[in-house]
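Peer 1: Number 264 in my numbering belongs to position 227 of the sequence shown; there are no gaps in the numbering. Just so it is clear, CB atoms sit at the ideal spot from N, CA and C, and this is done for glycine as well.
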Amino acid sequence: MQRADFRFFHPLRVRWAEVDMQQIVFNAHYLMYLDTAMGDYWRALALPYQESMALLGGDLYVKKATLEYHASAHYDDQLHIGLRCARVGRSSIVIEAGIFRGVALLVSGELLYVFADPASQTSRPVPEALRQAFAAQTSGLALTQCLVGDWNTWAARITPLRRAVFVEEQGIAEHLVVDEADPEAVHAVVPNAVGQVVAGGRMLVHAPGVARIGRMATHRVLRGTGLGLQVLRALMAQAQARGDSEVMLHAQCSAEGFYAKEGFVPRGPVFEEAGIAHQEMVRALS
Numbered sequence: 038m039q040r041a042d043f044r045f046f047h048p049l050r051v052r053w054a055e056v057d058m059q060q061i062v063f064n065a066h067y068l069m070y071l072d073t074a075m076g077d078y079w080r081a082l083a084l085p086y087q088e089s090m091a092l093l094g095g096d097l098y099v100k101k102a103t104l105e106y107h108a109s110a111h112y113d114d115q116l117h118i119g120l121r122c123a124r125v126g127r128s129s130i131v132i133e134a135g136i137f138r139g140v141a142l143l144v145s146g147e148l149l150y151v152f153a154d155p156a157s158q159t160s161r162p163v164p165e166a167l168r169q170a171f172a173a174q175t176s177g178l179a180l181t182q183c184l185v186g187d188w189n190t191w192a193a194r195i196t197p198l199r200r201a202v203f204v205e206e207q208g209i210a211e212h213l214v215v216d217e218a219d220p221e222a223v224h225a226v227v228p229n230a231v232g233q234v235v236a237g238g239r240m241l242v243h244a245p246g247v248a249r250i251g252r253m254a255t256h257r258v259l260r261g262t263g264l265g266l267q268v269l270r271a272l273m274a275q276a277q278a279r280g281d282s283e284v285m286l287h288a289q290c291s292a293e294g295f296y297a298k299e300g301f302v303p304r305g306p307v308f309e310e311a312g313i314a315h316q317e318m319v320r321a322l323s
């Protein structure tokens, strides 16, 4: 097993509490490292774990976990935990793991999961959507695609994301989640392998030649994975395609840096909207 065998890595620094009396990482912690990396692996698949399992009608249970120790990790070592789906059977999934310090393999492992009914814990066939997600990640294919469409097509799947982000997280009033402008807007969405919209935004006509982007939202556990950027770029491409010369938006001040990286600049003073500080930002389209 070599580092080059893996496409996915989770970085992890050894903490003081994980070192034993021999001044090396206590052996049982390596299983915890694998479990920690699995959480990041699901994010890389764009699959929020609990919601995805509910949509798939099952859950994953560990049937067997094995580790083989090749060398020891020490306090403050920077480790990289590689994971890959080795095979998918009828109801089983085998995840191979390698824990590396640099290119040196310290621990290799294998996790055998069984997809099963949560109530009876009896096995079920692994859903095709999950098989395809594992296959795409293993092959280095894109796991998500940003789609552009109208409100009628996406309303039922956009609304739960908006409600989770704007109402439940940010405390914005429920009646602001969906408004009369939605049917007129161009919508960009990112569905994951199980069909759940995990990022989205909309674009309106603000003025002749000026597009207005808004309602930008990304699922809480998937922020920082590039999904919001896919949505933003897709909407800007739509604006450019229809001949707009400028794009504007009202950015929450906490997200100002995200838009600045894409060439947006502030215009005017900070103001309050829906009880949250915002900054108007604009970008010219070439």
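Which residues bound the beta strand (DSSP E) around T159?
Peer 2: Numbered from 1 along the sequence shown, position 122 holds the residue referred to as residue 159. Where T159 is concerned, there is no enclosing beta strand (DSSP E), given that its DSSP letter is neither H nor E.
Peer 1: Pull up the distance between the alpha-carbon of H224 and that of W191, whole angstroms please.
Peer 2: Stepping through the sequence shown from its first residue, residue 224 is reached at position 187. Stepping through the sequence shown from its first residue, residue 191 is reached at position 154. C-alpha separation (whole angstroms): 8 Å.
Peer 1: What does the alpha-carbon distance come out to for the pair A74 and M285?
Peer 2: Here the question's residue 74 lines up with position 37 in the sequence shown. Here the question's residue 285 lines up with position 248 in the sequence shown. So the two alpha carbons sit approximately 38 Å from each other.
Peer 1: Checking 8 Å against the spacing of the C-beta atoms, do E283 and V247 come in under that value?
Peer 2: For the purposes of this step, residue 283 is taken as residue 246 along the sequence shown, with counting starting at 1. For the purposes of this step, residue 247 is taken as residue 210 along the sequence shown, with counting starting at 1. For E283 and V247, yes; Cβs fall inside 8 Å.
Peer 1: Nearest to V99 by CA position, among R168, K298, I130, is which residue?
Peer 2: On the sequence shown, position 62 is the one that residue 99 refers to. Ranking R168, K298, I130 by Cα distance to V99 puts I130 first.
Peer 1: Note the first and the last residue of the continuous beta strand (DSSP E) segment covering P306.
Peer 2: Position 269 of the sequence shown, counting from 1, holds the residue named residue 306. P306 -> no beta strand (DSSP E), and no H or E assigned at all.
Peer 1: Report yes if the CB atom of G238 is closer than 8 Å to the CB atom of L269, and no otherwise.
Peer 2: Within the sequence shown, residue 238 is the residue found at index 201, counting from 1. Within the sequence shown, residue 269 is the residue found at index 232, counting from 1. Yes.
Peer 1: Using the DSSP secondary-structure output, state which residues sit across from Y98 in a beta bridge.
Peer 2: On the sequence shown, residue 98 is found 61 positions in, with the first residue counted as 1. Its beta-bridge partners are V151.
Peer 1: For R44, list the residues DSSP reports as bridge partners.
Peer 2: Here residue 44 refers to the residue found at position 7 when the sequence shown is read from its first residue. In DSSP, R44 forms no bridge with anything.
Peer 1: Counting only runs that start and end within the region 246-307, where is the alpha helix (DSSP H) found for 4 or more residues in a row?
Peer 2: 264-278, 293-297
Peer 1: Run the CB neighbour count on Q267, radius 10 Å, all protein chains shown included, and call it buried at 16 or more, exposed below.
Peer 2: As a first step, residue 267 is located in the sequence shown; it is residue number 230 there, counting from the start. Under this definition Q267 is a buried residue.
Peer 1: Where V151 and S157 are concerned, what is the direct C-alpha to C-alpha distance, given to the nearest angstrom?
Peer 2: Reading the sequence shown from its first residue, position 114 is the one you call residue 151. Reading the sequence shown from its first residue, position 120 is the one you call residue 157. Their backbone Cα atoms lie some 13 Å apart in a straight line.
Peer 1: Rank Q87, Q174, D154, M69 by C-alpha distance to the C-alpha of T103 and give the top, closest one.
Peer 2: The sequence position of residue 103 within the sequence shown is 66, counting from 1. Comparing Cα-Cα distances from T103 to each of Q87, Q174, D154, M69, the minimum goes to M69.
Peer 1: Where does L84 sit, in a helix, a strand or coil, going by DSSP?
Peer 2: Counting from 1 along the sequence shown, the entry for residue 84 is found at position 47. Judged by DSSP in its simplified three-state form, L84 adopts coil rather than helix or strand.
Peer 1: On the CB-based measure, 16 or more other CB atoms within 10 Å of its CB, does M329 come out buried or exposed?
Peer 2: Absent from the structure is residue 329, since the part of the chain shown begins at 38 and ends at 323.
Peer 1: Can you list, in chain order, the stretches of the beta strand (DSSP E) that have 3 or more residues and sit fully within the region 192-219?
Peer 2: none
Peer 1: Give a yes or no on whether 8 Å exceeds the smallest Cβ distance from H107 to chain D.
Peer 2: Although the question refers to chain D, the structure presented lacks it and comprises just one protein chain.
Peer 1: Sort W79, A170, A244 by Cα distance to G280 and report the nearest one.
Peer 2: Within the sequence shown, residue 280 is the residue found at index 243, counting from 1. Minimum Cα distance to G280 is reached at A244.
Peer 1: Based on DSSP bridge pairs, tell me the residues matched to L184.
Peer 2: For the purposes of this step, residue 184 is identified with residue 147 of the sequence shown, where counting begins at 1. Per DSSP, V226.
Peer 1: Between S176 and Q207, what straight-line distance do the alpha-carbon atoms span, to the nearest angstrom?
Peer 2: Position 139 of the sequence shown, counting from 1, holds the residue named residue 176. Position 170 of the sequence shown, counting from 1, holds the residue named residue 207. Using only the alpha carbons, I get a separation of about 37 Å.
Peer 1: Inspect the CB distances between the region 80-100 and the region 136-147 and report whether three or more fall short of 8 Å.
Peer 2: Result no; under three Cβ-Cβ pairs closer than 8 Å.
Peer 1: Among the residues of its own chain, which have a CB less than 8 Å from the CB of D113, if the five just before and after it don't count?
Peer 2: Position 76 of the sequence shown, counting from 1, holds the residue named residue 113. If we look at D113 and ignore the five residues flanking it on each side, its Cβ neighbours are R50, V51.
Peer 1: Counting pairs of Cβ atoms below 8 Å between the region 117-125 and the region 295-314, do you hit three or more?
Peer 2: no
Peer 1: Please classify M58: is it buried, with 16 or more other beta-carbons within 10 angstroms of its beta-carbon, or exposed?
Peer 2: Residue 58 sits at position 21 when you count from the first residue of the sequence shown. Classification for M58: exposed.
Peer 1: Measuring alpha carbon to alpha carbon, tell me which of M240, L178, A179 ends up nearest G186.
Peer 2: Your numbering for residue 186 matches position 149 in the sequence shown. Taking only the C-alpha atoms, the option nearest G186 is M240.
Peer 1: Tell whether a beta-carbon distance below 8 Å holds between V302 and C290.
Peer 2: Position 265 of the sequence shown, counting from 1, holds the residue named residue 302. Position 253 of the sequence shown, counting from 1, holds the residue named residue 290. Taking the C-beta atoms as reference points, C290 is found no nearer than 8 Å to V302.
Peer 1: What is the rounded straight-line gap between the Cα of G76 and the Cα of V258?
Peer 2: Here residue 76 refers to the residue found at position 39 of the sequence shown. Here residue 258 refers to the residue found at position 221 of the sequence shown. Cα-Cα distance, rounded: 10 Å.
Peer 1: For the putative contact between I19 and A311, defined by C-beta atoms under 8 Å, what is the C-beta separation to the nearest angstrom?
Peer 2: For residue 19 there is no data in the structure shown, the boundaries of the chain being 38 and 323.
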